[in-house]
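Enquirer: Sending over a structure as structure tokens; questions will come in a sec.
2 protein chains.
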Amino acid sequence: MSDEGSGTAAARGGRRRSTASVPDLVGRAREGDARAVARLISLVEDESPLLREVMKALAPHAGHAQIIGITGSPGVGKSTSTSALVTELRKAGKRVGILAVDPSSPFSGGALLGDRVRMQDHALDREVYIRSMASRGHLGGLAWTTPQALRVLDAAGCDVILIETVGVGQSEVEVAGLADTTLVLIAPGMGDGIQAAKAGILEIGDLYVVNKADRDGADQVRRDLRSMLALAERPEGSWKPPIIKTVAQKGDGVDEVVAAIDEHFAWLETSGELRKRRTRRARDEIEAIAVTALRARWGDVHGRSELDELAESVGAGESDPYTAADVLLDAFTD
Amino acid sequence: MSDEGSGTAAARGGRRRSTASVPDLVGRAREGDARAVARLISLVEDESPLLREVMKALAPHAGHAQIIGITGSPGVGKSTSTSALVTELRKAGKRVGILAVDPSSPFSGGALLGDRVRMQDHALDREVYIRSMASRGHLGGLAWTTPQALRVLDAAGCDVILIETVGVGQSEVEVAGLADTTLVLIAPGMGDGIQAAKAGILEIGDLYVVNKADRDGADQVRRDLRSMLALAERPEGSWKPPIIKTVAQKGDGVDEVVAAIDEHFAWLETSGELRKRRTRRARDEIEAIAVTALRARWGDVHGRSELDELAESVGAGESDPYTAADVLLDAFTD
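Here the protein sequences line up with chains A and B, keeping their order. Residue numbers are given in the numbering used here: position 161 of the first sequence equals residue 161, and the series is strictly consecutive. Residue numbers are given in the numbering used here: position 169 of the second sequence equals residue 1169, and the series is strictly consecutive.
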């Protein structure tokens, strides 16, 4: 499809000439037109009022793509691994979308593109679509924007979509909620064992990758991880996350990762878990949209409102937040 | 007041003997009874239905405490700095509350207490209340629980409340939203310059502290930070965040930090910004409570619901999330 550069250019251009109609954009995106895809994702990023129409048009064409979340602390080799995975997926003839989400930057409003430089191997591949997206967080955050961006890539014919986050913490968990399969990357010599436990990533991985496995301590990391994972209680018939060693820089072990992803996907399908995960994801998305709509009604976005007045009385100790919430809900739900 | 140990014990005890009435608990907490304070914060953590009554009773007595957010990447010396700040604040005769929030652990449901060990200098000081709190995230996350815990400590007579988060990213930004004054800690030799930019912390600090300033590179970090801060556009009359060097381990520079906090607080009061920040905080809290109530109504918490059915049809591509959100809102807001 296109590299990010032209995607961004198309998005900017799109904002200037807003003449392209939604059906036209959707039609072109479905044919894999990278500029149309870029434009649609920009609409998501900008929280455009057109999204309602866009998502309605895309919904029947989505559901084909396999969504892979990639998480891990800075320095474990996330971008290199993503790039190596893309190489492997391209060998198998898959059309690949990559969505890099930066939820830690709610103010600056521009996703970091530095790491994307490492993706330049794929920049000219028309079957690879790369996009960074800032999650500004003033609406529902990741839960609001990411599923919509995924739907765009999905309807545009991507077979596999890789979502990668910048940063650690809550966002990792949110990404896991959006993915069919979550890869957790870890590397030796980063005190990652403890970090893993801290960030709660032991609960979210469907697949663990010990990258930089040619370094000292890789086997130790693997052993530590294995014993930590063994402590987790898993109901019968549930998936047992494998641990795979890679040297993403050289491409070592990446074929095994792809094989494990496929195996996990097959398990998701036969166990009924895929349907469950996708329903849960739709649920979160519907909720995020509904809450966003409500917040707009009671004045989260626009000027002075009932909510502002309630907030002042709570701030001044004249009322309490529960009573204020009751007043707010009564005003909008009766 | 009490150390954390007894706080936790009281909380556990409280869950067993649930006979103490809310007015009784609130009365005792207002007198500074540590066990009552612990019990009330446990009610917050457990998302107890009693909170409505508790918050109503506490609201008129809150608003006195000065709330200080402390953020920074792991390893910058957050706990040591917090402890040193407490020592300094105690010299000035202030009653201090410390709330350590762990938002990165939504599943395990228990806040990490490891770092708290460093706080043992203050464990026996009756005028220092220390509490860790896990933010499980299944309701509104930080926005929901933290302001309520702050209100408990505030009404219990704390002059200053320090909030510290575990982890980096979104949670840092959320904590900044809850605090009157936000301290951003940074240390030499951690590649923190770039990390700072990534995490968006350049936008949230009211005060920057270069800790471990006896190490090589501290001046460089300070210079880098100064030039990055200089790039930010600030409207006329706005606060210019100072950069202070400390060696928290030895207590060096901590008096300067406290002086800068006081100076910032004075600015907040005279500029009208304090009222604005507290109103905004109340607003977020009211919204979080209202949204939580709505989500409970449409079945976020309990079994099968209208939302589940809508999610299935969206998951299957039969409907789109906007149409589903409309149906949901129509059902609950007409």
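Even glycine gets a Cβ: it sits at the ideal position worked out from N, Cα and C. Model, not experiment: these values are computed from the prediction.
Which same chain residues, not among the five before or five after A/Gln148, have their C-beta less than 7 Å away from its C-beta?
Expert: To locate residue 148 of chain A, count along the first sequence from 1; it is residue 148. So the list reads Val44, Leu51, Met55, once near-sequence residues are dropped.
Enquirer: Please report the straight-line C-alpha distance between B/Asp1192 and B/Leu1202, rounded to a whole angstrom.
Expert: Working through the second sequence from its first residue, we reach residue 1192 of chain B at position 192. Working through the second sequence from its first residue, we reach residue 1202 of chain B at position 202. Confidence at B/Asp1192 is low in this model, with a pLDDT of 49, below 50, so the placement of that residue should be treated as unreliable; the coordinate-derived value is given next. Using only the alpha carbons, I get a separation of about 11 Å.
Enquirer: Going along chain B, which residues have a C-beta under 9 Å from A/Gly69?
Expert: By one-based count along the first sequence, residue 69 of chain A stands at place 69. In chain order: nothing, as chain B lies at least about 16 Å away.
Enquirer: Is A/Ala218 closer than 9 Å to A/Pro188 when the C-beta atoms are compared?
Expert: Walking along the first sequence from the start, residue 188 of chain A turns up at place 188. Walking along the first sequence from the start, residue 218 of chain A turns up at place 218. Going by C-beta atoms, A/Pro188 is nearer than 9 Å to A/Ala218.
Enquirer: Rounded to the nearest angstrom, what separates A/Gly285 and A/Leu294 at their Cα positions?
Expert: In the first sequence, counting from the first residue as 1, residue 285 of chain A sits at position 285. In the first sequence, counting from the first residue as 1, residue 294 of chain A sits at position 294. Residue identity check: residue 285 of chain A is Glu in the sequence provided, not Gly. Rounded to whole angstroms, A/Glu285 to A/Leu294 spans 14 Å at the Cα level.
Enquirer: Taking just the CA atoms, how far does B/Thr1145 sit from B/Gly1205?
Expert: Along the second sequence, read from residue 1 onward, the residue named residue 1205 of chain B stands at position 205. Along the second sequence, read from residue 1 onward, the residue named residue 1145 of chain B stands at position 145. About 22 Å.
Enquirer: Would you mind reading off the limits of the alpha helix (DSSP H) that contains A/Leu202?
Expert: Locating residue 202 of chain A in the first sequence gives position 202, where the first residue counts as 1. Looking at the DSSP string, A/Leu202 is not in any alpha helix (DSSP H), and its letter there is neither H nor E.
Enquirer: Using a beta-carbon distance below 9 Å, is A/Gly63 in contact with chain B?
Expert: Position 63 of the first sequence, counted from the first residue, corresponds to residue 63 of chain A. For A/Gly63, the answer is yes, since a Cβ of chain B falls inside 9 Å of its Cβ.
Enquirer: Which residues in chain B have a C-beta closer than 9 Å to the C-beta of A/Glu306? List them in chain order.
Expert: Residue numbering aside, residue 306 of chain A sits at position 306 when the first sequence is read from its first letter. In chain order: nothing, as chain B lies at least about 10 Å away.
Enquirer: Just checking my contact of A/Val340 with A/Glu47 at CB under 8 Å: how many whole Å lie between their CB atoms?
Expert: Since the displayed chain A opens at 1 and closes at 334, residue 340 of chain A lies outside it and no answer follows.
Enquirer: Could you tell me which chain C residues have their CB closer than 7 Å to the CB of B/Pro1321, listed as they occur along the chain?
Expert: The structure shown contains no chain C; its protein chains are A and B.
Enquirer: In chain order, which alpha helix (DSSP H) runs of at least 4 residues are fully inside the segment 1067 to 1101 of chain B?
Expert: Taking only runs of at least 4 residues, the alpha helix (DSSP H) segments lying wholly in the segment 1067 to 1101 of chain B are 1078 to 1091.
Enquirer: Would A/Val209 and A/Val257 qualify as a contact pair, given that the criterion is a beta-carbon distance under 9 Å?
Expert: Counting from one through the first sequence, the residue named residue 209 of chain A turns up at place 209. Counting from one through the first sequence, the residue named residue 257 of chain A turns up at place 257. The answer is yes: Cβ separation under 9 Å.
Enquirer: Since I believe A/Ile68 is in contact with A/Leu185 (beta carbons under 8 Å), could you give me their beta-carbon distance rounded to a whole number of angstroms?
Expert: Here residue 185 of chain A refers to the residue found at position 185 of the first sequence. Here residue 68 of chain A refers to the residue found at position 68 of the first sequence. That pair is no contact at about 12 Å.
Enquirer: Shorter than 9 Å from the beta carbon of B/Gly1315 to some beta carbon of chain A?
Expert: By one-based count along the second sequence, residue 1315 of chain B stands at place 315. For B/Gly1315, the answer is yes, since a Cβ of chain A falls inside 9 Å of its Cβ.
Enquirer: Rounded to a whole number of angstroms, what is the C-alpha to C-alpha distance between B/Ala1324 and B/Ala1311?
Expert: Walking along the second sequence from the start, residue 1324 of chain B turns up at place 324. Walking along the second sequence from the start, residue 1311 of chain B turns up at place 311. Taking the straight line from one Cα to the other gives about 8 Å.
Enquirer: Note down, in chain order, every chain B residue with its Cβ under 7 Å from the Cβ of A/Pro23.
Expert: Here residue 23 of chain A refers to the residue found at position 23 of the first sequence. Result: empty, since nearest Cβ-Cβ is about 15 Å, beyond 7 Å.
Enquirer: Which residues share a DSSP beta bridge with B/Ser1132?
Expert: As a working note, residue 1132 of chain B is residue 132 in the second sequence. Per DSSP, B/Ala1100.
Enquirer: Can you tell me where the beta strand (DSSP E) with B/Glu1269 in it begins and where it stops?
Expert: On the second sequence, residue 1269 of chain B is found 269 positions in, with the first residue counted as 1. Run containing B/Glu1269: none in the beta strand (DSSP E); it sits in the alpha helix (DSSP H), 1254 to 1271.
Enquirer: Determine the chain A residues that contact B/Pro1335 at a beta-carbon separation under 9 Å, and present them in chain order.
Expert: This structure leaves residue 1335 of chain B out entirely; chain B is present only between 1001 and 1334.
Enquirer: Find the residues of chain B that neighbour A/Thr279, judging by a C-beta separation of less than 7 Å, and give them in chain order.
Expert: Looking up residue 279 of chain A in the first sequence gives position 279. Those are Ala1311, Glu1312, Gly1315, listed as they occur along chain B.
Enquirer: Using a Cβ cut-off of 9 Å (strictly closer), state whether A/Trp298 contacts chain B.
Expert: Working through the first sequence from its first residue, we reach residue 298 of chain A at position 298. For A/Trp298, the answer is yes, since a Cβ of chain B falls inside 9 Å of its Cβ.
Enquirer: By the DSSP assignment, the alpha helix (DSSP H) with B/Val1044 in it spans what residues?
Expert: Within the second sequence, the letter at position 44 stands for residue 1044 of chain B. B/Val1044 -> alpha helix (DSSP H) spans 1034 to 1045.
Enquirer: Do B/Leu1058 and B/Arg1126 have their C-beta atoms closer together than 9 Å?
Expert: Counting from one through the second sequence, the residue named residue 1058 of chain B turns up at place 58. Counting from one through the second sequence, the residue named residue 1126 of chain B turns up at place 126. Not closer than 9 Å, so no.
Enquirer: So for B/Ala1316, helix, strand or coil by DSSP?
Expert: To locate residue 1316 of chain B, count along the second sequence from 1; it is residue 316. Here B/Ala1316 sits in coil by DSSP.
Enquirer: Thinking C-alpha only, which one of B/Ala1038, B/Gln1066, B/Ala1062 is nearest B/Asp1180?
Expert: Within the second sequence, the letter at position 180 stands for residue 1180 of chain B. B/Asp1180 has its Cα closest to that of B/Gln1066, out of B/Ala1038, B/Gln1066, B/Ala1062.
Enquirer: Cα-Cα, which of B/Glu1236, B/His1064, B/Glu1164 is closest to B/Ala1155?
Expert: Within the second sequence, the letter at position 155 stands for residue 1155 of chain B. The candidate whose alpha carbon is nearest that of B/Ala1155 is B/His1064.
Enquirer: Below 9 Å between beta carbons: does that hold for A/Leu183 and A/Leu207?
Expert: Here residue 183 of chain A refers to the residue found at position 183 when the first sequence is read from its first residue. Here residue 207 of chain A refers to the residue found at position 207 when the first sequence is read from its first residue. Yes. Within cutoff.
Enquirer: Look up A/Thr145 in the DSSP assignment and say whether it is helix, strand or coil.
Expert: Residue mapping note: residue 145 of chain A aligns to position 145 of the first sequence, counting from 1. Correct three-state label for A/Thr145: helix.
Enquirer: Under 9 Å, Cβ to Cβ, is there at least one residue of chain B near A/Ala324?
Expert: On the first sequence, residue 324 of chain A is found 324 positions in, with the first residue counted as 1. So, interface residue.
Enquirer: Please check if any C-beta of chain B sits within less than 9 Å of the C-beta of A/Arg337.
Expert: Lying before the first or after the last residue shown, residue 337 of chain A is absent from chain A, which here runs from 1 to 334.
Enquirer: Taking the alpha carbon of A/Trp298 as the point to measure from, which residue in A/Val327, A/Thr279, A/Asp320 has its own alpha carbon closest?
Expert: Locating residue 298 of chain A in the first sequence gives position 298, where the first residue counts as 1. Ranking A/Val327, A/Thr279, A/Asp320 by Cα distance to A/Trp298 puts A/Val327 first.
Enquirer: Looking only at its chain, what residues have a beta carbon closer than 8 Å to the beta carbon of B/Ser1313, apart from the 5 residues adjacent to it on each side?
Expert: If you number the second sequence from 1, residue 1313 of chain B lands on position 313. Closer than 8 Å at the Cβ level, and outside the excluded window around B/Ser1313, lie Ser1319, Ala1324.
Enquirer: If you drop the 5 nearest sequence neighbours on each side, which residues of the same chain put their C-beta closer than 8 Å to that of B/Ala1316?
Expert: As a first step, residue 1316 of chain B must be located in the second sequence, where it is residue number 316. Taken in chain order, the list of residues that qualify is empty.
Enquirer: Thinking C-alpha only, which one of B/Leu1153, B/Arg1035, B/Ala1038 is nearest B/Val1096?
Expert: As a first step, residue 1096 of chain B must be located in the second sequence, where it is residue number 96. Selected option, being the one with the closest Cα: B/Leu1153.
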